[in-house]
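Working notes for the structure below.
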Amino acid sequence: FVDKVRYMIDLREQVVSFPPQPVITEDNLVVSIDTVIYFQVTNAVSATYEIANYIQAVEQLTMTTLRNIVGGMDLEQTLTSREDINAGLRTVLDEATGKWGIRVNRVEIKGIDPPPSIKDAMEKQMRADRDKRAVVLTAEGQRQSAILTAEGNKQSAILNAEGQREAQILAAEAERQSRILRAQGEGAAIQTVFQAIHDGQPDQSLLAYQYLQMLPKIAQGDANKVWIVPSEIGKAMEGLGSAIGAIPGIPRETDGPRVRVDTGPLDLSPSNGSDSSRADAHSAVQEAMAEAAAATPTSGPRPVPDGTSVGGGSAAVERASAVERASTPEDRPGQEPRPE
Numbered sequence: 001f002v003d004k005v006r007y008m009i010d011l012r013e014q015v016v017s018f019p020p021q022p023v024i025t026e027d028n029l030v031v032s033i034d035t036v037i038y039f040q041v042t043n044a045v046s047a048t049y050e051i052a053n054y055i056q057a058v059e060q061l062t063m064t065t066l067r068n069i070v071g072g073m074d075l076e077q078t079l080t081s082r083e084d085i086n087a088g089l090r091t092v093l094d095e096a097t098g099k100w101g102i103r104v105n106r107v108e109i110k111g112i113d114p115p116p117s118i119k120d121a122m123e124k125q126m127r128a129d130r131d132k133r134a135v136v137l138t139a140e141g142q143r144q145s146a147i148l149t150a151e152g153n154k155q156s157a158i159l160n161a162e163g164q165r166e167a168q169i170l171a172a173e174a175e176r177q178s179r180i181l182r183a184q185g186e187g188a189a190i191q192t193v194f195q196a197i198h199d200g201q202p203d204q205s206l207l208a209y210q211y212l213q214m215l216p217k218i219a220q221g222d223a224n225k226v227w228i229v230p231s232e233i234g235k236a237m238e239g240l241g242s243a244i245g246a247i248p249g250i251p252r253e254t255d256g257p258r259v260r261v262d263t264g265p266l267d268l269s270p271s272n273g274s275d276s277s278r279a280d281a282h283s284a285v286q287e288a289m290a291e292a293a294a295a296t297p298t299s300g301p302r303p304v305p306d307g308t309s310v311g312g313g314s315a316a317v318e319r320a321s322a323v324e325r326a327s328t329p330e331d332r333p334g335q336e337p338r339p340e
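Residue numbering for the sequence shown is 1 to 340, as defined by UniProt numbering.
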């Protein structure tokens, strides 16, 4: 009688990978699933005498359990619920292999391969989803860009409007200050002239002299064809001052302007004495008479309504001489000559 060892059992943890198995999902799609099982023999006697080939038994049990679990899921759940499939396989296998002296530690799914048509559809769906997200992101970027551009244009328009408003305000303020200063300057100039006139003490002779100086300019006008020298020019000169003085609005104060402008010392005395003043007045009268004679038409005297011809130069010269004599300080009635 001789004893011999029948089987050699490895009590270490073993890893068994099974070939891909076709499995039908709930939505009638066939997928291939690869599984890996980690198990360990805990009882060599049971593994030897309770089952003939425990590895084949574990493989067949894994296939049936996997079909049962995946058959209750659709393709999307099968692809996304690997942890649930692994836990279900481990629980069923561990309960079934306990009596064989085998303990299943882990069950892993290496891969799930759908049919080629499903792969193409999934790829198209994935591409469409990516295109959709790209379009959404592009539209969102354009919207943000348009919002930022509009906000920038708004701020720019506001700043431009504020700048134009400030510029207009400054321009209006400058114009107002300019007009005020111009008006003040004109007022000061008028007061200065008014003060100078009163300081000079003008009389009717000076007004007549100014009138005589204006006669050549009146005759030189383009629209003047005939100009008349009155026969009684002396009386006209005398009445001119009184007529001007009688105009409403002409000030008659003898004390000068109410508000005086400080123009500095005014030297109204003649610089070369009374003789030079008379000579200047005489020369000015002669020049005015010469200009009046030069402006007189040369075609001969023309009758006028008052009976005086245009060429009545002798009477005009006599009246001008009278004006010249009246313009000297010693011939003015009621006024003494000014000291040199």
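Glycine is no exception: its CB is placed at the ideal position from the N, C-alpha and C atoms.
Measure the C-alpha to C-alpha separation of residue i and residue j and round it to an integer number of angstroms.
{"i": "residue 187", "j": "residue 208", "result": "27 Å"}
{"i": "residue 165", "j": "residue 196", "result": "46 Å"}
{"i": "residue 50", "j": "residue 56", "result": "14 Å"}
{"i": "residue 14", "j": "residue 8", "result": "14 Å"}
{"i": "residue 104", "j": "residue 97", "result": "8 Å"}
{"i": "residue 22", "j": "residue 132", "result": "34 Å"}
{"i": "residue 192", "j": "residue 167", "result": "37 Å"}
{"i": "residue 161", "j": "residue 169", "result": "12 Å"}
{"i": "residue 155", "j": "residue 143", "result": "18 Å"}
{"i": "residue 83", "j": "residue 129", "result": "26 Å"}
{"i": "residue 119", "j": "residue 146", "result": "40 Å"}
{"i": "residue 189", "j": "residue 286", "result": "32 Å"}
{"i": "residue 19", "j": "residue 63", "result": "10 Å"}
{"i": "residue 163", "j": "residue 184", "result": "31 Å"}
Determine the DSSP secondary structure at residue i, reduced to helix, strand or coil.
{"i": "residue 11", "result": "coil"}
{"i": "residue 76", "result": "helix"}
{"i": "residue 62", "result": "helix"}
{"i": "residue 68", "result": "helix"}
{"i": "residue 125", "result": "helix"}
{"i": "residue 197", "result": "helix"}
{"i": "residue 153", "result": "helix"}
{"i": "residue 111", "result": "strand"}
{"i": "residue 105", "result": "strand"}
{"i": "residue 138", "result": "helix"}
{"i": "residue 97", "result": "coil"}
{"i": "residue 184", "result": "helix"}
{"i": "residue 192", "result": "helix"}
{"i": "residue 81", "result": "coil"}
Which residues in the same chain as residue i place their Cβ atom closer than 7 Å to its Cβ, once the five residues preceding and following it in sequence are excluded?
{"i": "residue 95", "result": "none"}
{"i": "residue 107", "result": "35, 37, 86, 89, 90 and 93"}
{"i": "residue 177", "result": "none"}
{"i": "residue 79", "result": "112"}
Considering only residues of the same chain and omitting the five flanking positions on each side of residue i, which have a CB-CB separation below 6 Å?
{"i": "residue 124", "result": "none"}
{"i": "residue 11", "result": "41"}
{"i": "residue 44", "result": "9"}
Hey, residue i and residue j are a contact pair by Cβ (cut 8 Å); roughly how many whole angstroms apart?
{"i": "residue 31", "j": "residue 114", "result": "5 Å"}
{"i": "residue 39", "j": "residue 112", "result": "Not confirmed; about 22 Å, so no contact."}
{"i": "residue 61", "j": "residue 33", "result": "Between residue 33 and residue 61 the Cβ distance is about 15 Å, and since that is not below 8 Å, they are no contact."}
In its own chain, which residues sit with a C-beta less than 8 Å from the C-beta of residue i, not counting the 5 before and 5 after it?
{"i": "residue 75", "result": "25, 27, 29, 31, 114 and 118"}
Does the contact criterion of 3 or more C-beta pairs under 8 Å hold for the region 61-78 versus the region 23-32? Judged by Cβ distances under 8 Å, the region 61-78 makes contact with the region 23-32, as three or more pairs qualify.
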